[in-house]
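Colleague:
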Amino acid sequence: MLMFIFRRLIQTIPVVIGVTFVVFFIMQLVPGDPAVLLAGEGASKETIAGIREQLGLNRPLFVQYFDYLINIFQGDFGLSLKNSQPVLDEILVRLPITMELAFFSIIITIVLGMAAGIISAIKPYSLTDTSVMLVALFGISLPSFWFGLMLMYFFSVKLQILPVAGWDSILHVILPALTLGAGGAAIVARMTRSSMLEVIRQDYIRTARAKGLRERVIVYKHALRNALIPVITVVGLQFGALLGGTVLVESIFAINGLGRMIVDAIRMRDLPMVQGGVLFASMIFVIVNLFVDVFYRFFNKRIELN
Amino acid sequence: MKMTENNKPILEVKGLKTHFFTKRGVSKAVDGIDFTLQKGETLGIVGESGCGKSMTSLSILRLIPSPPGKIAGGQVLYKGKDLVTMSEDEMRKIRGNEISMIFQEPMTSLNPVIPVGEQIAEALRLHQKMGRKAAWDRAVEMLKLVGIPSPEKRAKQEPFQLSGGMRQRVMIAMALACKPEVLIADEPTTALDVTIQAQILALIKDLQTKLGMGVIMITHDLGVVAETCDNVAVMYAGNIIEYASTEQIFSNPKHPYTQGLLDSLPKIYEDQEELRTIEGSVPSPYNMPSGCRFASRCPFQQPICYQQQPELMEQNDGVKVRCWMYTDQWTGQVEKQEAVK
């Protein structure tokens, strides 16, 4: 198992390098010249050229890329073009906030999703099943920015039981996490349900019944462990979608997280900041996928790493 | 009929009906069958696919998928208690404890993510109230009993690490762990190699004599019947059409269907160009004929066969057969003796 994790870790290195490559070159494709933006309106050509020179933006792209790559490996993510602060410092302030948001969201996705899926699967085609799946369908269909605003309207404006925005207490976490986790929960619920229904029909469930086991033991011990195998994959993928979702949710709820930082940086054409932010988000995704693989192997020992 | 022991039967099935209520209509998978099982007896239930033999076995333990399946009538008396009307809680105490079952698909009948030892041990903890350690030790012991080499190591493995034959041995170990009074073996050897088949059958036979249980052997393989069974019930389209001792079935089959079944076996001493078959096909369970269900395929068919279904009637030699040919109403050209061969 340790060997598996180690090998899997080594595999992530090329992935991370690939990510830096993509991040770097995509930013070059974004219209808008950072030097022009920095120089401000009506700046002379000389000023702009000076800024370019100063930032090294006039060098060939590949040279810039390799410089960037080497600096990253030394922990230097460059300085923000906006306020000349080290990018890493900015990221490290905001990363925990986004991680916290992502953590609570994925918990909502898993707990809410699986619970709903199991409830549905135990009595398929019943009223409970139909209602739960209808809610799940809404969950998948609703755009998160609208859902977030609706939650905010009901719980913060009308009922006034939860804060509107910001990030101070655990109460502040509830609405954003719910907004972010709901879509995933709906997908996980549908996946859990169909996976459970598939598993319940299997011969080994009949064997478990023939042994005289209680229905509860059959569902949670014999069926669920098998049904979760495909669900784990979906949860891992959902985490990626969730990281993307932080961008929207942090903007709606005015949370000073990584997502919002990236949006602001893109608006400012603050290249080092965007690159740093996206790179960190990608790395979180890579690490989460590593966890998913390890879990997957734990649940399904037939998986061997080739 | 050969009676192994004279005391009361351990299992008695009376008029059992299992029907499936689907959109296409009612499928009468099992339509009123009767048989008894004595302690220590092996009863074979034979028939082709879809004749209702597996549904019969699942009905005994009330394991038919429901809905759409339902036991529509009859009784299953185990030691005098009716399993059909029993509460689910009581039924659970019987399953895997007093009546066990081995299924025909060893590859898919074990849970793929649970170590096989645990799959055996959990039944022991449940029914025999054993502690974790005791149940595990007993599971290992059972694996040893069914002939699995290095059982301590195998118990910790998951089914995918075991071969088909070994998995079937695990199934048997699981079924026998609680020392049941009745074992239902539903095609226990169908999915296995011929060499393994013989081993598994010998194993069941051996354990049967050790534990003294009654065995219901469900199979379509007449070879298995000849080797293991005391009595045989031949099923056709949801009915038992002949019920006799194994000896009588093989030496003097009475029902034209049984005759056809035996006829379709390849013969060593005859020079056969091609294998004989029974012409036609089984009637749809959704639309059973009102007369004899075998009539349209029967070489001896008479008008009466299409009018009314014959009853399963006991003959002088103790054989029970469901055929007009053995009644006074028979008017056919074929003499009884000739039909019997």
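Quick mapping for you: the protein sequence lines, in order, are chains A and B. Using my numbering, the first residue of the first sequence is number 1, and each one after it goes up by one. Using my numbering, the first residue of the second sequence is number 1001, and each one after it goes up by one. Built from N, CA and C at the ideal position, the CB exists for glycine as well.
(1) Under the assumption that B/GLN1259 contacts B/PRO1253 (Cβ atoms under 8 Å), give the Cβ distance between them as a whole number of angstroms.
(2) Is it right to say B/THR1195 is buried, meaning 16 or more other beta carbons lie within 10 angstroms of its own, or is it exposed?
(3) Skipping 5 residues on each side, what residues in its chain have a beta carbon closer than 7 Å to that of B/SER1054?
(4) Identify whether B/ASP1186 lies in helix, strand or coil by the three-state DSSP scheme.
(5) Is there contact between the region 1210 to 1217 of chain B and the region 1033 to 1048 of chain B, where contact requires at least three CB pairs shorter than 8 Å?
(6) With a threshold of 8 Å, are at least 3 pairs of Cβ atoms found where one atom belongs to the region 49 to 60 of chain A and the other to the region 7 to 23 of chain A?
(7) At a CB-CB cut-off below 9 Å, which residues of chain A make contact with B/ALA1123?
(8) With distances taken Cα to Cα, identify the nearest neighbour of B/CYS1229 among B/ALA1237, B/TYR1243 and B/TYR1236.
(9) Could you check the C-alpha separation between A/ASP307 and A/PHE280 for me, to the nearest Å?
(10) Please name the residue in A/ARG190, A/SER84 and A/VAL219 whose C-alpha comes closest to that of A/VAL199.
(11) Any idea what DSSP makes of B/ILE1114, helix, strand or coil?
(12) Just curious, the beta strand (DSSP E) that A/ASN300 is in, first and last residue?
(13) When Cβ atoms are compared, which residues of the region 158 to 178 of chain A fall closer than 9 Å to chain B?
(14) Please name the residue, chosen from A/ASP270, A/ARG209, A/VAL234 and A/PRO14, that lies closest to B/SER1109 on a Cα-to-Cα basis.
(15) By alpha-carbon positions, which one of A/LYS221, A/PHE239 and A/ALA254 ends up nearest to A/ALA165?
(16) According to DSSP, is B/LEU1011 part of a helix, a strand, or is it coil?
(17) How many Å lie between B/GLN1301 and B/ILE1240 at the Cα?
(18) From the DSSP output, in three-state form, read off B/THR1022 for me.
(19) Ordered along the chain, which non-local residues of its own chain (more than five positions away) have a Cβ less than 8 Å from that of A/GLY56?
(20) Tell me where the alpha helix (DSSP H) around B/GLU1242 begins and ends.
(21) Which residue spans inside the region 202 to 231 of chain A form an unbroken alpha helix (DSSP H) run of at least 4?
(22) Select from B/GLY1280, B/LEU1183, B/PRO1310 and B/LYS1028 the residue whose C-alpha is nearest the C-alpha of B/GLY1044.
(23) Suppose the cutoff is 6 Å on Cβ atoms and the five residues either side in sequence are ignored; what does the same chain contact list for A/GLY113 look like?
(24) Per DSSP, which residues does B/ARG1095 bridge with? Please list them.
(25) I'd like the span of the beta strand (DSSP E) that includes A/ASN256, first residue to last.
(26) Anything in chain A within Cβ reach of B/PRO1283, meaning under 7 Å, just list it in chain order.
(27) In angstroms with no decimal places, state the Cα-to-Cα distance between B/MET1235 and B/THR1018.
(28) Given that a residue counts as buried once 16 or more other Cβ atoms are within 10 Å of its Cβ, and exposed if not, what is A/TYR125?
Modeller: By the coordinates alone:
(1) With 8 Å as the limit, B/GLN1259 and B/PRO1253 qualify as a contact, their Cβ atoms being about 5 Å apart.
(2) Under the 10 Å beta carbon count, B/THR1195 is surrounded by fewer than 16 other beta carbons and is classified as exposed.
(3) ASP1186 and ILE1218
(4) strand
(5) Touching, per the Cβ criterion.
(6) no
(7) Near B/ALA1123 (Cβ distances below 9 Å), the residues of chain A are LYS211, GLY212 and LEU213.
(8) Taking only the C-alpha atoms, the option nearest B/CYS1229 is B/TYR1243.
(9) Here chain A covers residues 1 to 306 and nothing more, so residue 307 of chain A does not appear.
(10) A/VAL219
(11) coil
(12) For A/ASN300, there is no enclosing beta strand (DSSP E), since its DSSP letter is neither H nor E.
(13) none
(14) It is A/ARG209.
(15) A/ALA254
(16) strand
(17) 19 Å
(18) strand
(19) GLN64 and ASP67
(20) Careful: B/GLU1242 lies outside any alpha helix (DSSP H), inside the beta strand (DSSP E) at 1239 to 1245.
(21) 203 to 210
(22) B/LEU1183
(23) ALA185, VAL188 and ALA189
(24) B/ILE1099
(25) Taken as a continuous stretch (DSSP letters only), A/ASN256 belongs to no beta strand (DSSP E), as it is neither H nor E.
(26) Chain A residues near B/PRO1283: none, gap ~28 Å exceeds 7 Å.
(27) 14 Å
(28) exposed
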